[in-house]
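Report on the structure given below.
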Amino acid sequence: MKHAFHIPVLGLAFSIDSPLKVAKFGISSVMSIVDDELIERIRAFHAHENQLYYVPIKKTEEDYRAKRITAYLNLVQQIIDTQIFHIKNEEFLPDSDLTKYFELLPDTDLSKRRYKKMLASDDGVEKATLEEELKAMVVPGEIDVNIMAKVDKLNVDAKGNMLDEKYSDALSALRGFAQSNLRSSVVLSAGMNPRLYNYLTELPAFFPNRYGVLEKKIILKVSDYRSAYIQAKYLAKKGLWVSEFRIESGLNCGGHAFATDGYLLGPILEEFKQKKEELVQELSGIYRASLLEKGISNVHTLPIRFSVQGGIGTAEEQTFLLTYYGFDSAGWGSPFLLVPEATTVDNDTLTKLTQADKADFYLSDSSPLGVPFNNFKGSTAEQRRMERIAKGIPGSPCTKKYLVSNTEFSDVPICTASRVYQHAKIKELKNRQLPETEFQEQFDKTTAKTCLCEGLAASAYLKYNIQKPKEITAVSICPGPNIAYFKRTYSLQEMIDHIYGRRPLDLKNRPHMFLNELHLYVDYLQNLVKNSFDDIKKLKVIQRFKDQLLQGIIYYRTITKEMEKFGFKETRSFISALSDYEQSLKGQKKESVNLYFSKFPKNA
Numbered sequence: 010m011k012h013a014f015h016i017p018v019l020g021l022a023f024s025i026d027s028p029l030k031v032a033k034f035g036i037s038s039v040m041s042i043v044d045d046e047l048i049e050r051i052r053a054f055h056a057h058e059n060q061l062y063y064v065p066i067k068k069t070e071e072d073y074r075a076k077r078i079t080a081y082l083n084l085v086q087q088i089i090d091t092q093i094f095h096i097k098n099e100e101f102l103p104d105s106d107l108t109k110y111f112e113l114l115p116d117t118d119l120s121k122r123r124y125k126k127m128l129a130s131d132d133g134v135e136k137a138t139l140e141e142e143l144k145a146m147v148v149p150g151e152i153d154v155n156i157m158a159k160v161d162k163l164n165v166d167a168k169g170n171m172l173d174e175k176y177s178d179a180l181s182a183l184r185g186f187a188q189s190n191l192r193s194s195v196v197l198s199a200g201m202n203p204r205l206y207n208y209l210t211e212l213p214a215f216f217p218n219r220y221g222v223l224e225k226k227i228i229l230k231v232s233d234y235r236s237a238y239i240q241a242k243y244l245a246k247k248g249l250w251v252s253e254f255r256i257e258s259g260l261n262c263g264g265h266a267f268a269t270d271g272y273l274l275g276p277i278l279e280e281f282k283q284k285k286e287e288l289v290q291e292l293s294g295i296y297r298a299s300l301l302e303k304g305i306s307n308v309h310t311l312p313i314r315f316s317v318q319g320g321i322g323t324a325e326e327q328t329f330l331l332t333y334y335g336f337d338s339a340g341w342g343s344p345f346l347l348v349p350e351a352t353t354v355d356n357d358t359l360t361k362l363t364q365a366d367k368a369d370f371y372l373s374d375s376s377p378l379g380v381p382f383n384n385f386k387g388s389t390a391e392q393r394r395m396e397r398i399a400k401g402i403p404g405s406p407c408t409k410k411y412l413v414s415n416t417e418f419s420d421v422p423i424c425t426a427s428r429v430y431q432h433a434k435i436k437e438l439k440n441r442q443l444p445e446t447e448f449q450e451q452f453d454k455t456t457a458k459t460c461l462c463e464g465l466a467a468s469a470y471l472k473y474n475i476q477k478p479k480e481i482t483a484v485s486i487c488p489g490p491n492i493a494y495f496k497r498t499y500s501l502q503e504m505i506d507h508i509y510g511r512r513p514l515d516l517k518n519r520p521h522m523f524l525n526e527l528h529l530y531v532d533y534l535q536n537l538v539k540n541s542f543d544d545i546k547k548l549k550v551i552q553r554f555k556d557q558l559l560q561g562i563i564y565y566r567t568i569t570k571e572m573e574k575f576g577f578k579e580t581r582s583f584i585s586a587l588s589d590y591e592q593s594l595k596g597q598k599k600e601s602v603n604l605y606f607s608k609f610p611k612n613a
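In our numbering, the protein residues as written are 10 to 613.
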C-alpha cells in the first residue's frame, strides 16, 4: 500500500465505485458486493460512461448473482488498468493526475521523496531519468470487496424450489469475487458464518498458486482479539490464510455497531500489540500443516497486516495508532462521505450531512438484523418512515429480501421492516390489550425497523440519475458519530492533507477518539441498565461490562505520556474526563456521565 490509510466499506452504495475514483491515486478502498441489483445497474452506468460494451445479466440466468458481481469487478479492474496506463503516459503538469498521484502521497513514502528530488532538480538529464522512474512507481490502490457474513439468505428458483446452499447470497457473492480478475482481498465482517467459511475451501483462488502466491486474500474485520483468534484458527485449519486483521471500534464506527462486552479500543489494540507475533507463529504452523495434508508444499512464509478503524479524526491519532501499536494502516470511513471525489452520496443527503449537528447521528434499532445501527435523523428514509407511521401504514414494501429472517407470522421468512410484518405485529399487540405505555413502547420498537436494502442503495441511483420510474428513492445513510465534527464538503486533496497533518482541518471542540468511544460505551451501558432491572443474569453481564470500562479508563491513564509524544496536547482535560467517567461508573458522582460532553455545543 502506498498510503497509510484506506477507505472502508460504506453502506451499499456510498463506496460502490470508490475504487474507480481513488485507486488511480494509490488509495485502497472497499466495495460492498451484497446487492447484485445495485451492482448490475452501476455496471451499466460505468460501461456507458467509459464507452465499453455492456451485456445485461438477467435474473433468469443460472447463477446470475455471482455472474453480475464477477462482471462488475472485471469492469472495475479494466477501467482502473486504463486509468493507470493513461497516468503513466502523462507529463508532470500542475493539473495532471500524474502530479496529483505524487502530491497526495505521504511525505514518508520513498517515491514521494524521489518526486520531491525530481521537482528540485535543475539537471535536465537527471530530471528526465527521475520522471521515468516515478512513472514506473505508479501503482493502483487495492480494489477490495466486503461480504457481511450475516447477510446470507437461501434462495429459490422461479418455481419456488429451494436452491442449493452454494446459491445463497453470501456464497454467491464470494464466488463472484473468486471468479473475477481482481487480485485483492475480501473483507469478511459481522462475525463467523461456518457455511461461508467452509465454502472458501471450494474456491482455488484462496489457496496458493504454483508459485506459492495467493491470488485472492482474506481480511477479517473484528472487534477484539478473541474473535480474531477463533476465526483465523478455524480458517487456518482448513488451509486458509488470513492476510489482515482489520480491528474496528465496536461503537465508534459507521453502519452496524457490534458492541464489545465493555472492551475499549485502546486495551484491545494493546492485546494485539502484545500477542500478534505469537498469533502469527501459531497460525503459520496450523496453516502449513493443513496445506501439507492437502498436498500443497510450496508454501512461503506469509505476512499478516494489522489495521485499525473507527472514529479516527486527526493525523496525531492516526500516527499514534500506527506507530505505538505497530499497525500497518488506518481506516477513515465516515469523513470520506463528505468527499465527492471519493464516494457516491446524492446531493440532497450530502447537503444535510454538512448542516447536521451531533444530535442528528445516533445509534438506532433501525436494522432488521436486530443489531444496533448508526442512523442519521435527517435522511429521507427516516422521514419516509415517520410519514408512513403517521398515515397508519408503517413498514416498507419488501422487494430485494436480503434481510428476511423472521417466521413469527409466516412459514416463509419475512423482513421485520416490511409492511407485512409490521401490520401483523401491531395487530398482535392490539389483541394482547397491553397497558398504553407498554403498547406504545412495543409499537415504537416494531416500527423503528426500516428498509436498508432499498435505502442504502438509493443514493447512487439519485447521484447518477438512474432511478427507475416510481422507484422508492428514500435514502438511508449510516455515518459514524465522528462525522459530526466535519462540517462541510472537502476535496480529496484537503482530506488527505488533513490525514497526514500537512494542512489540518478545523474540527472545533472534538474530543480525542478514545474519549468519544468511551462516551458511546457509557451511553450503551446506561441503556442496558434501563432495560435490565429485573433480570439477574443481565445484571451480572452489566457488572462485567462496567468493570471492563473501568479497566479501560485505568489503561488510558497509563498511555497519556506516550500520546504526548505524537502531538497530543490535551492531557489535563483528557485525564479529567476519565476521572469524571470513572466516578460516574462507580456511582460516586451524581452528575450525568454526559458531563464532559456537555461542555461542547450541540453543533460542534
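In this text, a Cβ means the ideal position worked out from N, Cα and C, and glycines have one as well.
C-alpha gap between residue i and residue j, whole angstroms
i      : j      : result
MET522 : PRO406 : 39 Å
ALA13  : ALA339 : 6 Å
ASP118 : ILE152 : 21 Å
ARG192 : THR79  : 13 Å
SER189 : THR210 : 17 Å
PRO17  : PHE583 : 28 Å
PRO312 : VAL251 : 9 Å
GLU99  : ALA129 : 19 Å
LEU347 : MET395 : 26 Å
ASP515 : ILE508 : 12 Å
PRO513 : LYS574 : 18 Å
GLY404 : SER419 : 17 Å
GLN592 : ASP374 : 29 Å
GLY248 : ILE239 : 15 Å
LEU212 : TYR206 : 11 Å
SER468 : ASP366 : 21 Å
ALA324 : ARG511 : 9 Å
TYR371 : LYS136 : 53 Å
SER105 : LYS410 : 44 Å
THR91  : VAL317 : 31 Å
LYS125 : PRO377 : 52 Å
LEU273 : LEU527 : 7 Å
LYS472 : GLY464 : 13 Å
Neighbourhood of residue i by C-beta distance below 7 Å, restricted to the same chain and skipping five residues each side
i      : result
PRO149 : ALA32, LYS33, GLY35, ILE89, ILE93
MET9   : Because the chain spans 10 through 613 in this model, residue 9 falls outside it and cannot be assessed.
LYS109 : PHE34
GLY259 : SER232, ALA266, PHE267, ALA268, THR269
PRO217 : LEU223, ILE305, ASN307, VAL308
ALA351 : ILE16, SER27, LYS30, VAL31, PHE345, LEU501
LEU559 : GLU591, LEU594
Beta-carbon spacing of residue i, residue j below 7 Å
i      : j      : result
GLY561 : SER343 : no
ILE486 : PHE385 : yes
ASN155 : ASN525 : no
PHE281 : TYR234 : yes
VAL308 : SER388 : no
ARG123 : LEU143 : yes
VAL413 : ILE423 : yes
LEU529 : ILE551 : no
ASP178 : VAL160 : yes
ARG50  : SER181 : no
Cut-off 8 Å between Cβ atoms - residues of its own chain near residue i, not counting five sequence neighbours on either side
i      : result
SER306 : LEU300
LYS76  : ILE66, GLU70, GLY185
GLY275 : PHE523, GLY561, TYR564, TYR565, ILE568
ALA56  : TYR62, TYR63, LEU84
Segment limits, beta strand (DSSP E) that includes residue i
i      : result
ASP153 : 152 to 157
LYS479 : Note, LYS479: premise wrong, no beta strand (DSSP E); not H, not E.
GLY340 : 338 to 340
GLU417 : Per DSSP, GLU417 belongs to no beta strand (DSSP E) and is neither H nor E.
ARG441 : Note, ARG441: premise wrong, no beta strand (DSSP E); not H, not E.
Residue interval of the alpha helix (DSSP H) (run including residue i)
i      : result
LYS121 : 119 to 129
VAL531 : 522 to 539
ALA241 : 234 to 245
MET572 : 569 to 573
VAL85  : 73 to 97
Residue-level contact to chain C via CB, residue i, 7 Å cutoff
i      : result
LEU180 : No chain C appears in the structure shown, which is made up of a single protein chain.
Same chain, Cβ closer than 6 Å to residue i, neighbours up to 5 away in sequence not counted
i      : result
MET201 : GLN240
VAL380 : HIS265
**Asked** Just checking, does the segment 477 to 484 make contact with the segment 494 to 502 on the three C-beta pairs under 8 Å criterion?
**Response** Segments in contact, no.
**Asked** Are the segment 273 to 293 and the segment 570 to 582 touching by the rule of at least three beta carbon pairs closer than 8 Å?
**Response** No: the two stretches stay apart, fewer than three of their Cβ pairs being nearer than 8 Å.
**Asked** Do three or more CB pairs link the segment 452 to 460 to the segment 429 to 439 at distances below 8 Å?
**Response** Touching, yes, given that three or more Cβ pairs across the two stretches are closer than 8 Å.
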